[in-house]
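Accompanying notes for the structure given below.
2 protein chains.
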Amino acid sequence: MNNISKYPVRDSWEILLERPTLEKKNLRNTVQKIFLKVRNEGDSALKEFSTKFDHVTIENFLVSAEEIELAITEVPAELKKAINQAKENIFKFHLVQKAEAEEIETTAGVVCWRESRAIEKVGLYIPGGTAPLFSTVLMLAVPAQIADCKELILCSPPQKDGSINPAILYTAKLCGITKIFKVGGAQAIAALTFGTESILKVDKIFGPGNQYVTQAKQLAMEYNVAIDLPAGPSEVLVIADETAIPEFCAADLLSQAEHGIDSQVIFISTDEEVFNETLKEIEQQLAELPRNEIAKSALENSRFILLKSIDEALEMSNFYAPEHLILSVENPRNYISKTTNAGSIFLGNYTPESAGDYASGTNHTLPTNGFAKNYSGVSLDSFVKKITIQEISKTGLKNIGKTIEIMAAAEGLDAHKNAVSLRLKSLQNGI
Amino acid sequence: MNNISKYPVRDSWEILLERPTLEKKNLRNTVQKIFLKVRNEGDSALKEFSTKFDHVTIENFLVSAEEIELAITEVPAELKKAINQAKENIFKFHLVQKAEAEEIETTAGVVCWRESRAIEKVGLYIPGGTAPLFSTVLMLAVPAQIADCKELILCSPPQKDGSINPAILYTAKLCGITKIFKVGGAQAIAALTFGTESILKVDKIFGPGNQYVTQAKQLAMEYNVAIDLPAGPSEVLVIADETAIPEFCAADLLSQAEHGIDSQVIFISTDEEVFNETLKEIEQQLAELPRNEIAKSALENSRFILLKSIDEALEMSNFYAPEHLILSVENPRNYISKTTNAGSIFLGNYTPESAGDYASGTNHTLPTNGFAKNYSGVSLDSFVKKITIQEISKTGLKNIGKTIEIMAAAEGLDAHKNAVSLRLKSLQNGI
Chain A
1 MNNISKYPVR DSWEILLERP TLEKKNLRNT VQKIFLKVRN EGDSALKEFS
51 TKFDHVTIEN FLVSAEEIEL AITEVPAELK KAINQAKENI FKFHLVQKAE
101 AEEIETTAGV VCWRESRAIE KVGLYIPGGT APLFSTVLML AVPAQIADCK
151 ELILCSPPQK DGSINPAILY TAKLCGITKI FKVGGAQAIA ALTFGTESIL
201 KVDKIFGPGN QYVTQAKQLA MEYNVAIDLP AGPSEVLVIA DETAIPEFCA
251 ADLLSQAEHG IDSQVIFIST DEEVFNETLK EIEQQLAELP RNEIAKSALE
301 NSRFILLKSI DEALEMSNFY APEHLILSVE NPRNYISKTT NAGSIFLGNY
351 TPESAGDYAS GTNHTLPTNG FAKNYSGVSL DSFVKKITIQ EISKTGLKNI
401 GKTIEIMAAA EGLDAHKNAV SLRLKSLQNG I
Chain B
1001 MNNISKYPVR DSWEILLERP TLEKKNLRNT VQKIFLKVRN EGDSALKEFS
1051 TKFDHVTIEN FLVSAEEIEL AITEVPAELK KAINQAKENI FKFHLVQKAE
1101 AEEIETTAGV VCWRESRAIE KVGLYIPGGT APLFSTVLML AVPAQIADCK
1151 ELILCSPPQK DGSINPAILY TAKLCGITKI FKVGGAQAIA ALTFGTESIL
1201 KVDKIFGPGN QYVTQAKQLA MEYNVAIDLP AGPSEVLVIA DETAIPEFCA
1251 ADLLSQAEHG IDSQVIFIST DEEVFNETLK EIEQQLAELP RNEIAKSALE
1301 NSRFILLKSI DEALEMSNFY APEHLILSVE NPRNYISKTT NAGSIFLGNY
1351 TPESAGDYAS GTNHTLPTNG FAKNYSGVSL DSFVKKITIQ EISKTGLKNI
1401 GKTIEIMAAA EGLDAHKNAV SLRLKSLQNG I
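Residue numbers (my numbering), protein chains in the order written: chain A, 1 to 431; chain B, 1001 to 1431.
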């Protein structure tokens, strides 16, 4: 195993923890062309792109009720039950994120509060490819449903036979998706941005995708559509002390590594035996994995680091700001407050990252690529906006009127001042 | 007065409410050059740009403790008192936005919750120009202080004499800004993005600015720095029924119009007398305003619309999605739940928008340009990220383990499955 580092000094961390730089192809022009064509030609452009990129001719992008019903019969009962349990947990976790409006009287007669409103139209992108990500449908559609978004549009590229994976259709139906379209890639994002004859323009776009989809979501923002999160490859950082179980650590590291060749895993241990055993376990488990080629490549981007203390490990973790942080240490709750930068934290030996990926209830759409320093993962908040509201009584205006007048005048904004002065005058006059 | 529209039909709304299209100059290249120079040359590039753009040579960008102390003596006592009252209200309103971590047991033995962590380093940009926006310092620094951000860096362009307006310095000191730098424009945003010898690289940049600053903030995102909100000209929509007071309506419309020539005001009334009186009042009050040239230009972008009912007016308002919505109607609280798209709502005749701009406690950094459809204004949330945390007991893993295994297998992610299977096996073996 390469990439081993024992007791690196603080000054070396920046280079040690550099993320694999993605080859930033200049896709902007390519995607811009797709956007303009979809904007100008609508569905007919989508048809052309489907034929070109998905190698299938789609006559009707909208998945019909019959197709959905058929798909539902095709999903094994066992998988349905699993999806249902996961949905229930995700629902519970996101439901408590609903905040009630609490009125605050900041000054006597001045009452202010916030209320949430759903973002009306949201678009969910679910990639095609090797893995049918029905779990991502759950993670995006469940909070959207709780937020009460009016339109929940799902786009996913058609398979070669023109269909969409039944598990995706089953989950979409279960979570109240209003319409499902067989369209993928940058053209799907363009359709959600501008609208076409069949696809509704949305206010915000969610979901993962390849580099074209990522570039398209960035471009969508220039057309005033919001997006969930900036994209980057997935990552995990595991901190293990002498109480960690090497077999489990290895399995967690590999479950991240199998995501893609650009995934990154960081293993930090304060115990040399656990460290060495985990390295051995990785080799053994890797051999058995169907996706071992992918995992192997990802491990090349990875780091295995011995450090002196858990505190030092946490300092390193905060510096790196991992998407997922697993604390396989004794009394892991003691270290939560010291964690300042992470997307999601997993405590102890029996909390694998895959629990959060699928079924514990937390959202798996998390900040990658160091964005855990400045972004939260997807939550109910991602599907609402909060409106501030205020009501000022006559007494209230008397109490803060002078303050407003003085401040407005000092900023040279006399009409702002005047809006208060006129009212105060009318109150003096007893109107 | 132009721009009057009586009982327009629904189909005409889209064109009627079109926002003034900003002349989108292609500033990207200009700003990109500034970014590269600041990244490569640091402070010396900043010096060069200050001389070129601000027409002043700055030797030391950092505002010294002495300069701050001096400024404090220069701010009139009355203004200090006003700023202090405003600060208190803003503090109260944002403090209650702190949410406590609530643990949820989604399945027996599966406990999940969220905790907030401050974004460590934030940069606040305060423009120079005609109005010294110390109120914006309050709106950004107060929630940053509540969030407990470690570094609160303020950048503002120097005046011709190399100083920064005393009210800005007073407010910055009052709100715990850690460092103030005399640097403005795109070069300030570049400095906050990359860091220089004197200025710290930050995680998120807040604050308004001209078109160069706006473009620079967009570019900063490409270098992984987050920003507060996409920018656009300020706007207000007033809905007035027969109980509205035309004098007040006119004052509120003008206080928005004086912001800039690209500001937009929309006046909707369900009462023809109030409508006509308000138009007259605008003409009269306009003549008295120091910034009447600006307000006059802004009024040309504006719309005065008669509609049949308050419900129709709200439908129009939701369609437009105003930054500020003033409900000068009887029983305004009855209409809150029907408002789906707005940055901030002001209820009744004694709640002028300028109250929210300065002193009621709500934040004045709000979504403009239709972004009230998909963005919230600045709040405590803007200065934190929320980390999800989970702890699963052995029993908990037994309860959801199978679900995870089935879902991971169905997505073709065997290492994800394996991370659970190994643990379940060890539990069966009684380890």
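By construction, the Cβ of each residue, glycine as well, lies at the ideal position given by its N, Cα and C atoms.
- Task: Keeping to the same chain, check which residues put their C-beta closer than 8 Å to that of V1378 of chain B; ignore five residues upstream and five downstream.
- Result: M1139, L1140, P1143, F1206, D1228, L1229, N1363, T1365 and L1366
- Which chain A residues are close to G1348 of chain B, counting only those with a beta carbon under 8 Å from its beta carbon? The contacting residues are E391 and I392.
- Residue span of the alpha helix (DSSP H) that contains Q1032 of chain B, given as start and end: In the DSSP assignment, Q1032 of chain B falls within the alpha helix (DSSP H) that extends over R1028 to E1041.
- Specify the secondary structure class of T51 of chain A as computed by DSSP and reduced to three states. helix
- Cα-Cα separation between V1183 of chain B and K1081 of chain B, rounded to whole angstroms: 28 Å
- Which chain B residues sit within Cβ distance under 9 Å of N363 of chain A? T1388
- Message: So K1092 of chain B contacts chain A; which residues on that side make the cut at Cβ distance below 9 Å?
- Response: I104, E105, T106, T107 and C112
- Message: Just to confirm, is the Cβ distance from T403 of chain A to A1086 of chain B under 9 Å?
- Response: yes
- Task: Check each candidate in A:Y212, A:L397 and A:Y320 and name the one with the smallest Cα separation from K33 of chain A.
- Result: A:Y212
- Pick from B:S1255, B:G1185, B:Q1218 and B:V1056 that is closest to S974 of chain B, judged by C-alpha positions: Summary: the structure shown does not reach residue 974 of chain B, with chain B confined to residues 1001 through 1431, and so no result is reported for it.
- Counting contacts by CB-CB distance shorter than 9 Å, is Q1285 of chain B in contact with chain A? yes
- Item | Nearest-angstrom beta carbon gap, N1210 of chain B and P1127 of chain B [assumed within contact, 8 Å] | 7 Å
- Close beta carbons around Q390 of chain A, own chain, < 6 Å, minus the five adjacent residues each side: Cβ within range, chain order: C112.
- Message: Within 9 Å of any Cβ in chain A, is that where the Cβ of S1005 of chain B sits?
- Response: Not one chain A Cβ lies under 9 Å of S1005 of chain B.
- Item | Short Cβ contact (9 Å threshold) for V236 of chain A with P322 of chain A | yes
- Message: Could you give the first and the last residue of the continuous beta strand (DSSP E) run that contains K385 of chain A?
- Response: Where K385 of chain A is concerned, the enclosing beta strand (DSSP E) stretches over V384 to I392.
- Query: Using a C-beta to C-beta distance shorter than 7 Å, which residues of chain A count as neighbours of T1351 of chain B?
  - Reply: Q390, E391 and I392
- Item | Contact belief for T340 of chain A with N318 of chain A at Cβ below 8 Å, rounded distance in angstroms | 5 Å
- Candidates A:K398, A:K417 and A:N399: closest to M407 of chain A by CA position: A:K417 is the residue among A:K398, A:K417 and A:N399 whose C-alpha sits nearest the C-alpha of M407 of chain A.
- In chain order, what residues of the region 1112 to 1126 of chain B put their CB closer than 8 Å to some CB of chain A? C1112, R1114, E1115, R1117, A1118, I1119 and E1120
- Item | Test: G128 of chain A CB closer than 9 Å to a CB of chain B | Under the 9 Å criterion on CB atoms, G128 of chain A is classed as non-interfacial with respect to chain B.
- Three-state secondary structure (DSSP) of I1227 of chain B: strand
- Task: Quick one: list the residues of chain B neighbouring Q428 of chain A, beta-carbon separation under 9 Å, in chain order.
- Result: Going along chain B, no residue has its Cβ under 9 Å from Q428 of chain A, so there is no contact; the nearest lies around 13 Å.
- For P332 of chain A, count neighbouring Cβ atoms within 10 angstroms of its own Cβ and tell me buried if that reaches 16, exposed if not. buried
- Item | Segments of 4+ residues assigned as alpha helix (DSSP H) that fall wholly inside the region 191 to 256 of chain A | 211 to 222
- What does A1086 of chain B reach in chain A if we use C-beta pairs closer than 7 Å? T403 and M407
- Message: Assuming the contact rule is C-beta atoms closer than 8 Å, S1328 of chain B and N1349 of chain B should be a hit. Round their C-beta distance to whole Å, please.
- Response: 6 Å
- Message: Quick check: what's the CA-CA separation for H94 of chain A versus G1176 of chain B?
- Response: 34 Å
- Message: With a threshold of 9 Å between beta-carbons, can I1083 of chain B be considered close to chain A, or not?
- Response: yes
- Closest residue to E1067 of chain B among B:I1146, B:K1179 and B:G1129 (Cα-Cα distance): For E1067 of chain B, the nearest C-alpha among the options comes from B:K1179.
- Between D241 of chain A and T278 of chain A, what straight-line distance do the alpha-carbon atoms span, to the nearest angstrom? 12 Å
- Query: Taking a cut of 8 Å between CB atoms, which residues from the region 311 to 332 of chain A lie near chain B?
  - Reply: Of all residues in the region 311 to 332 of chain A, only P332 place a beta-carbon less than 8 Å from a beta-carbon of chain B.
- Task: Tell me where the beta strand (DSSP E) around F304 of chain A begins and ends.
- Result: R303 to L306
- Message: Between B:A1190, B:H1259 and B:G1129, which has its C-alpha nearest L1289 of chain B's C-alpha?
- Response: B:H1259
- Work out the CA separation of F1304 of chain B and A1313 of chain B for me, nearest whole Å. 12 Å
- Message: Rounding to the nearest angstrom, what Cα-Cα distance links E1411 of chain B and N165 of chain A in this structure?
- Response: Taking the straight line joining both Cα atoms gives about 11 Å.
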